[in-house]
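Heads up: the structure comes next, in structure tokens.
2 protein chains.
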Amino acid sequence: MHPIRNNTMSHIELNDKKIQILNVAEKLFSEKGFEGTSIRDISKEAKINIAMVSYYFGSKERLLEALIFHKTVDLKLQLENLLQEEIEPLEKVNKLIEIYINRICLNKGIYRVLHFELYNKKREKSLQAFTELKKGNLKSVESIIKQGQAQGVFRKDVNIQLITPTIIGTFFHFHMNRSFFEELFDLKTEEMFNNYIKNDLTKHIQQTIKALLVYEN
Amino acid sequence: MHPIRNNTMSHIELNDKKIQILNVAEKLFSEKGFEGTSIRDISKEAKINIAMVSYYFGSKERLLEALIFHKTVDLKLQLENLLQEEIEPLEKVNKLIEIYINRICLNKGIYRVLHFELYNKKREKSLQAFTELKKGNLKSVESIIKQGQAQGVFRKDVNIQLITPTIIGTFFHFHMNRSFFEELFDLKTEEMFNNYIKNDLTKHIQQTIKALLVYEN
DNA sequence: GTTTAATTTAAACGATTGTTTAATTTTATT
DNA sequence: AATAAAATTAAACAATCGTTTAAATTAAAC
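If you read the sequences in order, they're chains A and B. Here the first sequence is numbered in our numbering, starting from -7 and rising by one per residue. Here the second sequence is numbered in our numbering, starting from -7 and rising by one per residue.
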């Protein structure tokens, strides 16, 4: 019996083999793009039969949907927990930045896939899930900054909705030009690259957002 | 006679038909990705025969190379002209930001193609041209900011090499999530979207970089 | 006007794509 | 141990891919 046809919520039950396929798909999609990756590539790397992808996910398109859903669920929770913490606004912003960076680092390739494959609006189902995620993120950021503004520590003439683009955009641009910065900063190993992100890049973004939020004309 | 086989610098001579193909290729590559765009798609939209792409450019791969070369040549010149201008450092930085944004806006899709199709390091030839471009850009930025630091108007504990990621990354992230921000800011027409970039987004980036550069702890 | 070169075309090439089928093996249930 | 369900397999499907060919058309050169 085919598991997909009779079960519309199939993406919720994730057995080991499904997760294995998703991980390989994430890796290959991020390396070669969605269209550039064939099901045969995935099945070869995941050491399964070609038919298993269709068997488990129904189609390549729905494999992508399952991948996006699988990888974006818990970021929202993490941000809502941050909101509840009783620390001063600037520290909260710094933690927010760390969460963002850590998140994207953890799910290495998926954000590239997200931005790239959802740019054309045809994949509406996945796009909607992604949009919901972004709306939730924006609400968290808004809440934190308005808190700081109410306390008088953040200036009020900042465009709150454009702060996330600056945080994520900076990190993303760094990541998208990885080989360029590896050469520029002489980051020879994976560890050195990750350390640069954890220390220097994170610090730069925190410094930038702090300056933007507390700078007085 | 085949024009490619006997002319290795074929990308320099660009007749009308070649440019027409490049423009269509840019549009489709940015919409659907390199792998997601077939030569048949291009030839249909450009209203030419399928064989003409191979005839003019040799292959799909070399069409991409020609496209990248064609679209990135004159940014370098524009930045070098800015360096010569005798205006105060902060204004120079603001102009730099405007040049970047205007540049990427003008060549709408190509930067998306650049970042995503060159991420995997297989397209070494195109990648090298792109790397050279980025190195040149970085030198310009360095020069401008060090000038401001020497004059005492910019602080010295900023990571100069990470400023470009913040500028371009912010803009790029905004552009990559276009439909999200269109809904968020209620930008119903192409004109409204472009106006938002020209006014609000540019202002936000300029404000951010200014704060980072002149903010005193 | 004839000849030569450049352009454009339709057709075909083999390779690869995502997906389905039907048979087989493994696992679970009774 | 027998039966039913699930998982896995190899093979085949039609469709599309990038590229090449060889003939037809247009433009240029003399």
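Each residue gets a CB set at the ideal place from its N, CA and C atoms; glycine is no exception. Since this is a predicted model, take the numbers as computed values, not measurements.
Please look up how many angstroms separate the CB atoms of residue i and residue j, rounded, as I've assumed it's under 8 Å.
i	j	result
B/Leu212	B/Lys68	Beyond the ends of chain B as shown, which are -7 and 209, falls residue 212 of chain B; an answer cannot be given.
A/Thr162	A/Ile197	5 Å
A/Ile189	A/Ile93	7 Å
B/Ile160	B/Val133	Not confirmed; about 11 Å, so no contact.
A/Phe185	A/Glu174	6 Å
B/Val45	B/Ile13	6 Å
B/Phe108	A/Phe108	5 Å
B/Ile91	B/Gln120	Actually they are not in contact, since the Cβ atoms of B/Ile91 and B/Gln120 sit about 23 Å apart, beyond 8 Å.
B/Glu27	A/Glu27	4 Å
Interface residues of chain B around residue i at Cβ under 9 Å?
i	result
A/Phe21	Under the 9 Å cutoff, chain B gives no residues; its nearest Cβ is about 11 Å from A/Phe21.
A/Glu174	Chain B residues near A/Glu174: none, gap ~11 Å exceeds 9 Å.
A/Gln199	Asp149, Val150, Asn151, Leu204 and Tyr207
State the DSSP-derived secondary structure class of residue i, mapped to helix, strand or coil.
i	result
B/Leu179	coil
B/Asn169	coil
A/Thr29	coil
A/Asn(-1)	With a pLDDT of 36 at A/Asn(-1), under the threshold of 50, the predicted position of this residue should be treated as unreliable, and no value is reported.
B/Glu124	helix
B/Ile152	helix
A/Lys39	coil
A/Arg95	helix
A/Gln143	coil
A/Tyr47	helix
B/Ile4	Bear in mind that the predicted position of B/Ile4 carries a pLDDT of just 41, short of 50, making it too unreliable to give a figure here.
A/Glu78	coil
B/Tyr111	coil
B/Lys100	coil
A/Val65	coil
B/Tyr188	helix
B/Glu208	coil
Looking only at its chain, what residues have a beta carbon closer than 8 Å to the beta carbon of residue i, apart from the 5 residues adjacent to it on each side?
i	result
A/Asn41	Ser35
A/Lys87	Leu74, Glu77 and Ile79
B/Val85	Ile136, Ile137, Gly140, Gln198, Ile201, Lys202 and Leu205
B/Leu193	Ile93, Thr162, Phe163 and Phe166
B/Phe122	Ile60, Thr64, Leu106 and Leu110
B/Asp8	none
B/Met1	Only weak support is given to the placement of B/Met1: the predicted model assigns it a pLDDT of 36, under 50, and the question is left unresolved by the model.
B/Glu18	Leu59, Lys63, Asn99, Lys100, Gly101, Ile102 and Val105
B/Arg115	Glu53, Leu56, Glu57 and Glu109
For residue i, which residues in the same chain have their Cβ closer than 7 Å to its Cβ, ignoring the five residues on either side in sequence?
i	result
B/Ser118	Leu56, Glu57, Ile60 and Leu110
B/Asn99	Lys63
A/Arg32	Ile42
A/Phe146	Pro81, Ile137, Gly140, Leu205 and Val206
B/Thr156	Asn129, Leu130 and Val133
B/Ala143	A quick correction: the sequence has Gln, not Ala, at residue 143 of chain B. Excluding positions up to five away in sequence, the list reads Pro81.
By the criterion of Cβ-Cβ separation under 7 Å, what are the contact partners of residue i in chain A?
i	result
B/Met168	His107 and Tyr111
B/Ala203	Ala203, Leu204 and Tyr207
B/Thr123	Phe172
B/His196	Asn151 and Leu154
B/His165	Pro157, Ile160, Gly161 and Phe164
Anything in chain A within Cβ reach of residue i, meaning under 9 Å, just list it in chain order.
i	result
B/Val81	Checking the displayed sequence, the identity of residue 81 of chain B turns out to be Pro instead of Val. Correct list: empty, because the minimum Cβ distance to chain A is about 16 Å.
B/Glu27	Lys24, Gly25, Phe26, Glu27, Gly28 and Thr29
Note down, in chain order, each residue of its chain lying with its Cβ closer than 6 Å to the Cβ of residue i, except the 5 sequence neighbours on either side.
i	result
A/Val105	Phe21 and Ser22
A/Ile96	Tyr103
A/Lys148	Gln141
B/Ile89	Ile159, Ile197 and Gln198
B/Asn169	none
B/Leu179	Phe185 and Tyr188
A/Thr29	Leu20 and Phe21
Quick one: list the residues of chain B neighbouring residue i, beta-carbon separation under 8 Å, in chain order.
i	result
A/Lys126	Asn169 and Phe172
A/Thr162	Leu154, Pro157, Thr158, Gly161 and Thr162
Using the beta-carbon of each residue, which ones in chain A are nearer than 8 Å to residue i?
i	result
B/Asp192	Asn151 and Leu154
Just to check, is the beta-carbon of residue i closer than 6 Å to a non-hydrogen atom of the ligand MG?
i	result
B/Leu67	No copy of the ligand MG appears in this structure; indeed no ligand is present at all.
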